[in-house]
Structures are given as C-alpha cells and as structure tokens.
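Chains as they are written, first to last, in this note's numbering: chain A, 81 to 235; chain B, 81 to 235; chain C, 81 to 235.
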C-alpha cells in the first residue's frame with residue numbers, strides 16, 4: 081500500500097485530487113438540476129417517465145422539450161467538454177512536478193471559472209460572462225498541456 | 081518499469097483497473113448499438129452516410145431522427161455524464177488507500193448499477209428501474225468522493 | 081516529489097502523456113470551431129448570446145440550428161465518446177508495463193485515427209472514411225483494454 085499513498089502524500093497531487101473531485105461533483109450536480117427542471121417543468125424525454133401521469137394523450141403531452149431543461153443540458157454538456165480535458169491534462173500536469181503554488185493557481189482558476197460558468201449559464205448572466213468564464217478554464221488547461229508536453233514529450 | 085508495475089500490484093488499484101475498463105467497454109458498446117439502430121431503422125444524421133442509398137430525394141428521407149436511435153444516444157450520453165466522474169473520482173479513491181473489501185463493494189455496485197441502467201433504458205423497463213439504477217451509481221460516486229476529500233483535501 | 085517524477089520517467093507513460101494531451105487538445109479545438117461556426121453562420125442557442133444583435137424579433141431569428149454548427153457538435157460528441165475510453169483505458173494500459181514499441185503503436189494509431197476522423201467529419205469526406213477512422217480508434221482501445229484485463233483482472 082505504501083507506494084500508493086505516496087502519490088497522495090505529494091502536495092501538488094493532493095491539490096489535483098481536491099480540485100478534480102470538486103469540479104466533478106459540480107458536474108454531477110447538473111444531473112440533479114436536470115431532474116429538478118424536468119419534474120417542475122413537466123418536460124420528459126421517455127414515455128416510461130410519464131407513465132404515472134396517466135395513459136395515452138394525457139401523458140404524451142409531457143414528452144416535450146423545455147427551454148430551462150435544455151439550458152441545463154447544454155451547461156452539462158459544456159462541463160463534459162471542458163472537465164474531461166482538465167481531468168486528463170491536469171493529472172499529467174500534477175505528475176510533471178510543477179511548483180505547488182503554480183499548480184494551485186491553475187487548479188483554483190479552473191474550478192472558479194467552471195463554477196462561474198455554471199452560474200452565468202443558469203441565471204443567465206448577460207454575455208460575455210459565460211464566454212469569459214469558459215475562456216479562463218480553457219486557457220488554464222492549455223497552459224497545463226504546455227507544461228506536460230515540455231516535461232514529457234515522447235512522440 | 082518497476083515503479084509502474086508497483087501501482088498495478090496493489091489489489092485495490094487492480095480492482096479499479098478492472099471495473100473502470102469494464103464500464104468503459106460497456107459504454108463503448110453504446111456506439112455499436114447506435115450504428116446498429118441507425119442501419120436497421122435507416123435513420124442517419126449526415127448526408128454522406130446516406131449517399132449509397134441513391135441521390136437526391138431518395139437518400140434525403142433517411143436523414144431523420146428515430147425514437148430507438150435517440151434512446152440509445154440518450155443512454156450513451158447518460159453513461160458519459162456518470163462514468164466520467166467515476167473514472168476520475170474512482171482513480172483518486174483507489175489511490176487514497178481504501179480497504180480492499182470496501183473498494184470492491186463500491187466498484188461492483190457502480191458497474192452493476194450502470195449495466196442495469198443500460199438494460200432499463202434500452203428494453204425499456206418501467207420506472208423507477210432506470211431512476212434507481214442511476215441513483216445507485218451516483219451515490220457510490222459521492223461516497224468515493226467523500227473518502228478522497230477526507231484523505232487528501234488541499235485547497 | 082521524487083516518486084511522482086518517477087512515473088513520468090517511464091517512457092511508455094511519457095508516450096501516453098504525450099498522445100493523451102494531443103488528442104485532448106484536438107478535442108478542445110472543436111469548441112473553438114463551434115464558436116467560429118456559430119458566429120459566421122449566425123446560429124446561436126441562447127437568447128443572451130444574440131442580445132448584441134438587437135432586441136426582440138431581430139435577435140430571435142439567430143436562435144436557430146445550422147447544419148455546419150450541428151456537424152461540428154456531432155464531431156465533438158463523437159470525440160468525447162471515444163477519447164474518454166482512450167484516456168481511462170490508455171492510462172491503465174500504460175501502467176500495465178507494455179512494450180514501449182507496442183504502446184507507441186497503439187497511441188499513434190489512435191491519435192492518427194482521431195485526427196483523420198475529424199477531417200473526414202468536417203470536410204466531409206465520402207464514407208467509409210469517417211467510419212473506418214472511427215473503427216481504427218475503437219479497435220486500438222479494445223486492444224489496450226484486453227492487455228489491461230489480462231494484466232490486472234481482479235473482479
């Protein structure tokens with residue numbers, strides 16, 4: 081077991097573990113929000129989900145799209161598109177021996193940017209709030225990718 | 081090489097490797113199912129995919145959505161939304177030195193829940209089968225996230 | 081820090097780090113392409129995104145789907161569906177002590193196949209270009225999964 085816990089003894093790796101878990105939990109929250117909006121807006125995607133509302137036409141009218149539900153789903157997909165690169169590149173970055181303070185700066189900006197992005201998407205805030213928070217997370221990921229390729233390029 | 085194989089000598093990490101690979105292979109199966117339903121239902125998304133069916137209007141009628149294809153695609157997206165958090169949090173959890181039996185319990189419930197979820201979505205089974213299998217995987221991931229943050233919180 | 085940099089001293093792991101970063105950067109490029117097509121085609125998904133085009137009906141007509149935008153988005157989603165398994169299974173494969181040359185072969189084919197897939201999707205090239213490039217990446221991932229399960233099966 082010693083070898084394994086060694087990885088999590090490293091502070092930069094601990095920081096990665098903390099922030100990766102936080103952004104993944106934030107992303108998982110989007111599922112609950114989707115469920116919440118589907119139920120309050122009565123807008124479902126599957127016939128079996130509306131069976132309790134009655135049979136035939138009564139239930140069928142709830143098989144529809146709703147602007148709020150679609151908004152949460154777009155936010156969720158945007159999370160996937162941006163958090164997956166962070167997970168992969170961030171892990172390799174944490175293993176590339178970065179300065180702890182630099183690593184923390186990267187992880188904190190990314191996590192903060194994604195939380196802001198979610199608020200900007202769901203409230204919604206006027207643009208360019210959502211655009212800028214997306215760009216901040218994007219730039220941080222590129223910066224980590226640069227460090228990974230500088231440390232470990234092997235084509 | 082020694083250092084590397086050490087990671088996979090750890091039984092909790094081996095268990096993670098096994099179940100992560102299994103759920104990813106299960107998720108990849110959704111791509112094949114999508115292809116299968118697109119071909120049998122003749123419902124495609126791209127003009128170049130229907131070019132072999134003829135030219136012009138003959139081919140164009142196959143550029144449509146189909147209920148079965150959309151169902152598989154929703155299942156695939158739900159997999160992505162839930163398996164990505166499992167991959168990231170599960171990896172950190174496996175590195176946090178969990179009891180082997182506890183780790184196995186988490187991984188087995190997650191993998192079982194996702195397989196059930198797929199059957200519940202594709203057959204489809206009446207609700208709340210799909211909802212409960214989704215919730216089981218979700219709860220397991222939250223439980224692992226709690227252990228990770230307890231072991232390695234570094235904000 | 082020593083333990084950490086050890087991981088990235090291993091050449092197969094370095095190769096994984098390099099190719100994982102490359103395919104993730106390629107996937108991130110899809111976001112920029114989506115933004116580019118949304119702006120040039122004037123096709124947006126959110127009311128707040130078209131607020132600068134004016135008020136009311138003037139702006140509303142830009143809340144629409146566009147064939148080019150949807151094509152990039154399908155390519156992006158296909159990337160997610162295929163690169164997520166590569167990230168997870170590839171990491172475990174790199175840790176399973178593969179021959180360096182075999183590992184490089186797997187990673188290079190996967191990265192090449194995904195780049196080809198993107199060109200085939202966006203130009204678009206006639207089928208089966210896109211189908212074959214997708215299948216090549218899929219087959220490589222299955223091959224790595226087999227090696228992982230052979231090395232570390234622990235059910």
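All C-beta atoms in this analysis are idealised placements derived from N, C-alpha and C, irrespective of residue type, glycine included.
message: One question on the structure: do residue 195 of chain A and residue 106 of chain A come within less than 9 Å of each other, judged by their Cβ atoms?
response: yes
query: Nearest chain A C-beta to residue 128 of chain C closer than 9 Å, yes or no?
result: yes
task: Just confirm the distance between the C-beta atoms of residue 200 of chain A and residue 213 of chain A, as a whole number of angstroms; I'd bet it's less than 8 Å.
output: 6 Å
message: Please return the same chain residues whose Cβ sits closer than 7 Å to the Cβ of residue 88 of chain C, not counting the five positions on each side in sequence.
response: 94, 97
Cross-chain neighbours of residue 189 of chain C in chain B, by beta carbon under 9 Å: Simply none; closest approach about 16 Å.
- prompt: Considering only residues of the same chain and omitting the five flanking positions on each side of residue 102 of chain A, which have a CB-CB separation below 7 Å?
  reply: 191
- prompt: Quick one: Cα of residue 231 of chain A to Cα of residue 217 of chain A, how far?
  reply: 21 Å
query: If you compare alpha carbons, which of A:211, A:206, A:183, A:210 is closest to residue 92 of chain A?
result: A:183
message: Can you tell me whether residue 185 of chain C is helix, strand or coil according to DSSP?
response: helix
query: Who are the neighbours of residue 161 of chain C on chain B, taking C-beta pairs under 7 Å?
result: 111, 156, 160
Touching by the beta-carbon criterion (3+ pairs, under 8 Å), the segment 221 to 230 of chain A and the segment 160 to 170 of chain A: yes
- prompt: Interface residues of chain A around residue 231 of chain B at Cβ under 7 Å?
  reply: 88
Contact set between the segment 181 to 207 of chain B and chain A, restricted to residues whose Cβ is under 7 Å from the partner: 204, 206, 207
- prompt: Can residue 148 of chain B and residue 207 of chain C be called in contact, C-beta distance under 9 Å?
  reply: no
task: Taking residue 158 of chain A as part of the alpha helix (DSSP H), name the residues at either end of that continuous run.
output: 147 to 175
Beta-carbon proximity of residue 164 of chain C to residue 164 of chain A, cut-off 9 Å: yes
message: Closer than 8 Å between beta carbons: that is the criterion. Which residues of the segment 218 to 230 of chain A meet it against chain C?
response: 218, 221, 222, 225, 228, 229
message: Using a 10 Å radius around the Cβ and a threshold of 16 neighbouring Cβ atoms, would you call residue 145 of chain C buried or exposed?
response: exposed
- prompt: So with Cβ pairs under 9 Å, would you call residue 139 of chain C a contact of chain A?
  reply: no
Test: residue 97 of chain A CB closer than 9 Å to a CB of chain C: no
- request: Label residue 131 of chain C either buried or exposed according to how many other C-beta atoms from any shown protein chain fall within 10 Å of its C-beta, with 16 as the threshold for buried.
  value: exposed
message: If you follow the alpha helix (DSSP H) that residue 234 of chain A is in, where does it begin and where does it stop?
response: From DSSP, residue 234 of chain A is part of no alpha helix (DSSP H); its letter is neither H nor E.
- request: Using a cut-off of 7 Å between C-beta atoms, extract the partners of residue 176 of chain B located in chain A.
  value: 88
message: Within 10 Å of its beta-carbon, does residue 99 of chain B have 16 or more other beta-carbons around it, so buried, or fewer, so exposed?
response: buried
field: Closer than 9 Å at the beta carbon, the chain C residues around residue 164 of chain A
entry: 104, 107, 160, 163, 164, 167
query: Between the C-alpha atoms of residue 205 of chain C and residue 150 of chain C, what's the straight-line distance to the nearest angstrom?
result: 17 Å
- prompt: residue 161 of chain C and residue 197 of chain B look like a contact to me (Cβ under 8 Å); what is the Cβ gap, rounded to whole Å?
  reply: Not quite, the Cβ-Cβ distance comes to about 17 Å (not below 8 Å), so this is no contact.
field: 8 Å contact criterion, which residue 125 of chain B and residue 154 of chain C should meet: CB distance rounded
entry: 6 Å
field: Cβ neighbour criterion (16 or more within 10 Å) applied to residue 235 of chain B
entry: exposed
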